[in-house]
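K.L.:
In this note's numbering, the protein residues as written are 2 to 376.
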């Protein structure tokens, strides 16, 4: 199969969309298919990923105003030219927003089937950043995804949202996790002594530092005796969070095996954002053998079994996050049981397994197109 992956983000960017697009490309190559990636050019000074598994076509881009870590693609003929030159059998649209919309239009002009992967809660972001605009965001989502042959939702909550707002032809496609990289035996006692020199319980957050992540909800946990909050990631909210989370350690961005070492050195993983369509870091924490505290909203509802692998708390509730951390801090046996159950839960969720599911979705779309032509 010849696949063009049109993605709003790709390494060296560090986010869920970029990571999923990379893993998709890798798996397609591993299975003998021929992918090409089209993505916004990285910021000046950020070198493209030299280890990309397939050709990557970069289109000109500019930083998103107020959020320079995010690049927005500019209009370019390279996208349509790539679809034509690659003779694409299917176009994979990763979290279509700007570049993906153009990819959808190009696929439609060429009569090429398109599979759109829903990955970003644009409506939630509209509420967070603008205080309004949710209805307009859903109109855009319906327009883009309604033109696709198939939309893939990463969680049951996302699937319900899409169907409730009138998006047709939606199926579930979750995300994989690298259980070889993220595992409990990467725990590093020297790192733990550095982060918590007095033997504190380490509560970690990993992710973007942006308003929609609501990392400030960890403030209550910062006030607990014997607890050290460690924040991994970067973004526009970092200066404010350094003020809002007294005593917290900020490690900045970490990747690869270094990130896996940090994950495994936590005692508890806490996620705070209520707008996650999936939440990959929760899976990585579970693979690392950690109990998880997360909001009872969006993707974590599929990932965290309350009372078995972690604790789900009401969204936007600082006290609830604090109380969940306090309960886990007081019970080492419960932490161990949750962590072991979490690791067991994700062991079969490899990228190879979910990648094969994706190829099955492609095959179904192509078969449906052939039936239409034959009719």
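By construction, the Cβ of each residue, glycine as well, lies at the ideal position given by its N, Cα and C atoms.
Assuming the contact rule is C-beta atoms closer than 8 angstroms, residue 72 and residue 44 should be a hit. Round their C-beta distance to whole Å, please.
P.N.:
Correct: roughly 6 angstroms between the Cβ atoms.
K.L.:
Within 10 angstroms of its Cβ, does residue 85 collect 16 or more other Cβ (buried), or is it exposed?
P.N.:
Classification for residue 85: exposed.
K.L.:
Helix, strand or coil: which one does DSSP assign to residue 96?
P.N.:
Note: residue 96 maps to coil in three-state DSSP.
K.L.:
Locate the alpha helix (DSSP H) running through residue 346, then write down its first and last residues.
P.N.:
Where residue 346 is concerned, the enclosing alpha helix (DSSP H) stretches over 333-347.
K.L.:
So, under 8 angstroms CB-CB, residue 242 and residue 216 are touching, yes? Tell me the CB distance rounded to an integer number of Å.
P.N.:
Contact flag correct, Cβ pair sits at about 5 angstroms.
K.L.:
Could you spell out the range, first to last residue, of the alpha helix (DSSP H) harbouring residue 145?
P.N.:
Note, residue 145: alpha helix (DSSP H), 135-147.
K.L.:
Hey, which unbroken runs of the beta strand (DSSP E) at 3 residues or more fall wholly within the segment 8-70?
P.N.:
Fully enclosed beta strand (DSSP E) runs of 3 or longer: 35-41, 57-60 and 62-65.
K.L.:
Put residue 282 into one of helix, strand or coil per three-state DSSP.
P.N.:
Note: residue 282 maps to helix in three-state DSSP.
K.L.:
Run the CB neighbour count on residue 190, radius 10 Å, all protein chains shown included, and call it buried at 16 or more, exposed below.
P.N.:
Exposed, because fewer than 16 other Cβ atoms sit within 10 Å of the Cβ of residue 190.
K.L.:
Measuring alpha carbon to alpha carbon, tell me which residue in 359, 317 and 56 is nearest residue 218.
P.N.:
Out of 359, 317 and 56, 317 has the C-alpha closest to the C-alpha of residue 218.
K.L.:
How far does the beta strand (DSSP E) with residue 229 in it extend, from its first residue to its last?
P.N.:
From DSSP, the beta strand (DSSP E) with residue 229 extends over 228-233.
K.L.:
For a minimum of 3 consecutive residues, which ranges assigned as the beta strand (DSSP E) are wholly contained in the segment 220-276?
P.N.:
List check, beta strand (DSSP E) in window: 228-233, 250-253 and 269-271.
K.L.:
So what does residue 294 bridge to, in DSSP terms?
P.N.:
Partner(s): 271 and 312.
K.L.:
Thinking just about the alpha-carbon of each residue, which of 74, 315 and 255 is nearest to the one in residue 273?
P.N.:
Ranking 74, 315 and 255 by Cα distance to residue 273 puts 315 first.
K.L.:
Could you check which residue in 250, 224, 208 and 258 has the C-alpha nearest to that of residue 236?
P.N.:
Taking only the C-alpha atoms, the option nearest residue 236 is 208.
K.L.:
CB residue 36 to CB residue 59, shorter than 8 angstroms?
P.N.:
Result no, Cβ atoms of residue 36 and residue 59 do not sit closer than 8 angstroms.
K.L.:
Nearest CA to the CA of residue 278: which residue from 343, 161, 9 and 38?
P.N.:
Ranking 343, 161, 9 and 38 by Cα distance to residue 278 puts 161 first.
K.L.:
Please report the distance separating the alpha-carbon of residue 264 from that of residue 312.
P.N.:
Each residue's alpha carbon lies about 18 angstroms from the other.
K.L.:
Using the Cα positions of residue 182 and residue 261, report the straight-line distance between them to the nearest angstrom.
P.N.:
Using only the alpha carbons, I get a separation of about 6 angstroms.
K.L.:
On a CA-only basis, which of 29, 5 and 9 is nearest residue 358? Give me that one, please.
P.N.:
Closest option to residue 358, Cα to Cα, is 29.
K.L.:
For residue 342, which residues in the same chain have their Cβ closer than 8 angstroms to its Cβ, ignoring the five residues on either side in sequence?
P.N.:
If we look at residue 342 and ignore the five residues flanking it on each side, its Cβ neighbours are 306, 309 and 310.
K.L.:
Look at the Cβ atom of residue 270, then the Cβ atom of residue 286, and state whether they are nearer than 8 angstroms.
P.N.:
Cβ atoms of residue 270 and residue 286: closer than 8 angstroms.
K.L.:
Please say whether residue 327 and residue 246 have beta carbons closer to each other than 8 angstroms?
P.N.:
In this structure, residue 327 does not lie closer than 8 angstroms to residue 246 by Cβ.
K.L.:
For residue 20, which residues from the same chain have a beta carbon less than 7 angstroms from its beta carbon, with the 5 sequence-adjacent residues on both sides left out?
P.N.:
Here the set comprises 281.
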